[in-house]
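A.B. asks: Quick note: the sequence shown uses our numbering, first residue 28, plus one each step. Quick one: the structure is below, and I'll ask about it shortly.
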Amino acid sequence: MEPLINAILYFVFLFGALFLILGTALVLLIAAALPVIWKKNLSFLMFSLGINILVIPLSFFLRLVNLYF
28 MEPLINAILY
38 FVFLFGALFL
48 ILGTALVLLI
58 AAALPVIWKK
68 NLSFLMFSLG
78 INILVIPLSF
88 FLRLVNLYF
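What follows is the structure, encoded as structure tokens:
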């Protein structure tokens, strides 16, 4: 029973962290289009941060795929 609980906790942590990162990136990408951000000329910065946050889990996933397969 314990290996099953460990596997469940592993996937909860993995997908929880993944959704947290993706949610933050989506909020930044959506916030880049707000008029307040456009007026302060921060849209490029917000868009760049959103793209960088999206790339981090992708690179981690590719590293894991390369490591195990």
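Built from N, CA and C at the ideal position, the CB exists for glycine as well. Owing to the predicted nature of the structure, the values given are computational and were not obtained by experimental measurement.
Taking buried to mean at least 16 other C-beta atoms within 10 Å of its own C-beta, is A34 buried or exposed?
C.D. replies: Stepping through the sequence shown from its first residue, residue 34 is reached at position 7. So A34 counts as exposed.
A.B. asks: Quick check for students: name the residue ranges of the alpha helix (DSSP H) that lie wholly in the region 39 to 92, counting only runs of 4 or more.
C.D. replies: 62 to 66
A.B. asks: Taking its Cβ as the centre, do 16 or more other Cβ atoms sit within 10 Å of A44, making it buried, or is it exposed?
C.D. replies: For this step, residue 44 is matched to residue 17 along the sequence shown. Flag for A44 reads exposed.
A.B. asks: So, at 8 Å on beta carbons, what are the nonlocal neighbours of I83 in its own chain, with the 5 sequence-adjacent residues on each side left out?
C.D. replies: Counted from its first residue, the sequence shown places residue 83 at position 56. Answer for I83: I48, listed in chain order.
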